[in-house]
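Written below as structure tokens is the structure these notes are about.
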Amino acid sequence: MNPIAVYYDTTVLYWSAIIITVGLLAALFMSLSLQITNGGRIVSMMLFFPLAVLFSVPLCRILHWYCHQEQYGGFFKAVTDYTAGSYVLPAAIPGVWLAAWIAAKLDDGDTAKLLDAAAPGAALTVAFVRLSALFSSACRSKIPVTTGVLQHLPLAAGITNSAGATEYRFATFFAHFLVMLLFCAILLKFFLKRRRMPMKAGRREGSTIRMFLLLYSASELVLDSTRYDSSFLPINGFISIVQIIAAVCILLLLIHYSRLSIRANGQRFWHWLLWVLWLAALGGVGWTEYLVQRHGDWYLGCYGGMTLCCIFLAGIVYRLYLTCCGRVEPESDESEE
């Protein structure tokens, strides 16, 4: 049930909608300040935000409809009636990119710089979207929490079962809320650190938004697995569509930074070592996902192992980033320029 915050005459405001709105406003103000810091124009960011919402929401809805067609009365109803149903959040990625491209073109700006300034705000937006879920659909986790002392936030959330009793499960959405708040702080620090890097040090625009994709994708690989309502393609019932998108994003980032690293350092043995370790970590994610689906009482061990594998996946990509884009040249070189 979605608790009502304000009810006046025919006007109804739900807590979930209020929380998402607050998150969007906070993200907008943060992005505007970073856009100015990055030497960008305010107009570009003001154009970007409404376009991002306009493009992203239908895409998230369409992908959810494709995976859960039984919940809707057809495609047309799915994209016109938003009072019911849900969304696949990572489907917003192409919509956000398209919005940034259009906003940058209309205001004669730079798409990569615009997305960099919006990246910490994007993490903040996802955090508030996940927080709002606590007020709209309770807990959607499949992990039971039976220890009394742990049956409260931030570890567990209550849900009413079919018998009318309250049971507690791992608070997936609240955990994601906390994780995305942490990622927002990390991305903010990352953005400001890169601003202080001299251009000759190999600073490339677009690195902050790529770090957002890396962190967000790694977190979704684990947290989406904990949900009982994950979205699956009709031809696949093992790995959710969110996990597939997350894995593809990390793979593309691996390829991108591998290419830049080879260009900057030449082909080295440690490139092969990092690629093999990355594939091993990806295999570990798949293996732990298989185990957790086959053994329902192995949650702690499986998700602990999956988390470590995802940290390795992200860490290897970040290591490749450092070999080509994270190095700062001596100040003497910069002064000679």
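Each number in this note's numbering corresponds to the 1-based position in the sequence shown with 58 added. Think of the CB as a built atom: it goes at the ideal place given N, C-alpha and C, for glycine as much as any other residue.
K258 classed as buried or exposed, judged by whether at least 16 other C-beta atoms fall within 10 angstroms:
The predicted model places K258 with a pLDDT of 48, which falls under 50 and marks its position as unreliable; any figure quoted below should be read in that light. Classification of K258: exposed, given that the 10 Å Cβ count is below 16.
Item checked: CB contact flag (A110, A157, <9 Å) -> yes
(Q) Between which residues of its own chain and T218 is the CB-CB distance below 7 Å, once the five residues before and five after are set aside? (A) T224
Which listed residue (I293, L312, I320, L281) has its alpha carbon closest to that of Q301: L281
### Task
Could you tell me if I201 is buried or exposed, where buried requires 16 or more neighbouring beta carbons within 10 angstroms of its beta carbon?
buried
In the DSSP output, which residue or residues are listed as bridge partners for A214? F228
Flag this pair as yes or no: are the beta carbons of A136 and G143 separated by less than 9 Å? yes
- Query: Just the Cα atoms here: how many angstroms apart are H353 and G81?
  - Reply: 38 Å
Practice problem: Tell me whether the beta-carbon of L309 lies closer than 9 Å to the beta-carbon of I374. | Solution: no
What number of angstroms, rounded off, separates the C-alpha of R285 from the C-alpha of S199? 4 Å
Once you ignore the five residues that flank N96 on each side, which residues in its own chain have a CB closer than 6 Å to its CB? K171, A175
Q: Find the nearest neighbour of R377 within the set I320, Y348, W345, W356, judged by alpha-carbon distance.
A: I320
Check: Mind checking whether C242 and A185 have CB atoms under 9 Å apart?
Finding: yes
inquiry  = Which of the three DSSP states is assigned to P202 in this structure?
reply    = strand
Should Y226 be labelled buried (16 or more other beta-carbon atoms within 10 Å of its own) or exposed?
-> buried
| said: Please classify E392 as buried or exposed, where buried requires at least 16 other C-beta atoms within 10 Å of its C-beta. | reply: Because E392 carries a pLDDT of 41, less than 50, the predicted location of this residue cannot be relied on, and the following value inherits that uncertainty. By the 10 Å Cβ count, E392 comes out exposed.
Measure the C-alpha to C-alpha separation of R188 and V334 and round it to an integer number of angstroms.
-> 34 Å
- Locate the alpha helix (DSSP H) running through P178, then write down its first and last residues. 169 to 191
Residue nearest to P292 in terms of C-alpha spacing, selected from D166, Q127, M255, L250
Q127
For R268, name the three-state secondary structure that DSSP assigns. helix
* **Where the alpha helix (DSSP H) through Y348 begins and ends** => 327 to 352
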